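First up is the structure itself, then whatever we jot down about it.
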DNA sequence: ATTCGCGCCGAAC
DNA sequence: GTTCGGCGCGAAT
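Numbering (my numbering), first residue to last: 224 to 381.
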């Protein structure tokens with residue numbers, strides 16, 4: 224029987240992150256808009272020893288820990304795309320077209336699958352940009368810009 | 001089985 | 001700058 228997913232929060236330097244955890248796996252991540260002053264986070268903070276909290280803390284400190292168990296990809300294509308995304312080093316980007324060629328697919332198919340990625344940041348879909356511009360991002364292009372800046376410079380502004 | 005929309009792309013204008 | 005045809009995938013029908 225699958226347990227009820229539990230929702231946990233993490234206050235990252237770039238903004239609030241919420242995640243769903245069930246059966247010892249991370250099944251979903253949301254990169255949320257920064258909350259207005261005085262508003263409460265939408266989920267209780269992950270405990271200090273929680274695998275996701277450890278991973279996120281390390282990530283925002285510029286380190287790479289092994290990923291905790293994750294929800295399986297929904298389709299074979301998304302599994303191949305996930306592997307390709309995980310192979311993009313921190314601080315680098317690829318274009319939709321480059322990934323499409325590497326996978327024998329098409330740019331739009333790549334974009335569609337990225338949009339469907341339930342695990343942004345963990346599966347670094349933010350490292351995929353358009354051939355001519357930033358491209359889209361399911362959690363908002365502000366987050367995409369912030370993540371790319373953070374990875375490139377290590378610096379972070381609000 | 002077919003249709004349709006998408007985080008796109010390159011060529012053309 | 002714009003428009004347009006083509007593209008693979010996945011969800012809906």
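Where is the CB? At the ideal position from N, CA and C, for every residue including glycine. No experiment lies behind these values; they were computed from the predicted model shown.
(request) Run the CB neighbour count on residue 235, radius 10 Å, all protein chains shown included, and call it buried at 16 or more, exposed below. (result) Result: buried.
(request) Check residue 262 in the structure and name its three-state DSSP category. (result) Note: residue 262 maps to coil in three-state DSSP.
(request) Could you work out which residue in 322, 297 and 248 is closest to residue 273 when comparing CA atoms only? (result) Selection 322, 297 and 248 evaluated against residue 273 yields 248 as nearest (Cα-Cα).
(request) Determine contact between the region 304-319 and the region 330-343, defined as no fewer than three beta-carbon pairs at a distance below 8 Å. (result) Yes, they touch.
(request) Go ahead and pull the three-state DSSP assignment for residue 284. (result) Correct three-state label for residue 284: coil.
(message) Quick check: the Cα distance between residue 333 and residue 319, rounded to an integer number of angstroms?
(response) The straight-line gap from Cα to Cα measures roughly 6 Å.
(request) Please classify residue 239: does DSSP put it in a helix, a strand, or coil? (result) Residue 239 falls in the strand class under three-state DSSP.
(request) Please determine, among 233, 362 and 326, the residue with the shortest C-alpha to C-alpha distance to residue 270. (result) Residue 270 has its Cα closest to that of 233, out of 233, 362 and 326.
(request) Quick one: measure Cβ to Cβ for residue 244 and residue 229, integer angstroms, because I've assumed they're closer than 8 Å. (result) Contact holds; Cβ gap of about 5 Å.
(request) Label residue 355 either buried or exposed according to how many other C-beta atoms from any shown protein chain fall within 10 Å of its C-beta, with 16 as the threshold for buried. (result) Exposed, because fewer than 16 other Cβ atoms sit within 10 Å of the Cβ of residue 355.
(message) Suppose contacts are defined by Cβ-Cβ distances below 9 Å. Is residue 346 in contact with residue 293 by that definition?
(response) Inclusion of residue 346 and residue 293 in the CB contact set at 9 Å is warranted, their separation being smaller than that value.
(request) Report yes if the CB atom of residue 344 is closer than 9 Å to the CB atom of residue 370, and no otherwise. (result) One thing to note: residue 344 has its Cβ within 9 Å of the Cβ of residue 370.
(message) Suppose contacts are defined by Cβ-Cβ distances below 9 Å. Is residue 276 in contact with residue 268 by that definition?
(response) Cβ distance < 9 Å, so residue 276 and residue 268 count as in contact.
(request) Helix, strand or coil for residue 276, going by three-state DSSP, please let me know. (result) Residue 276: helix per DSSP, three-state reduction.
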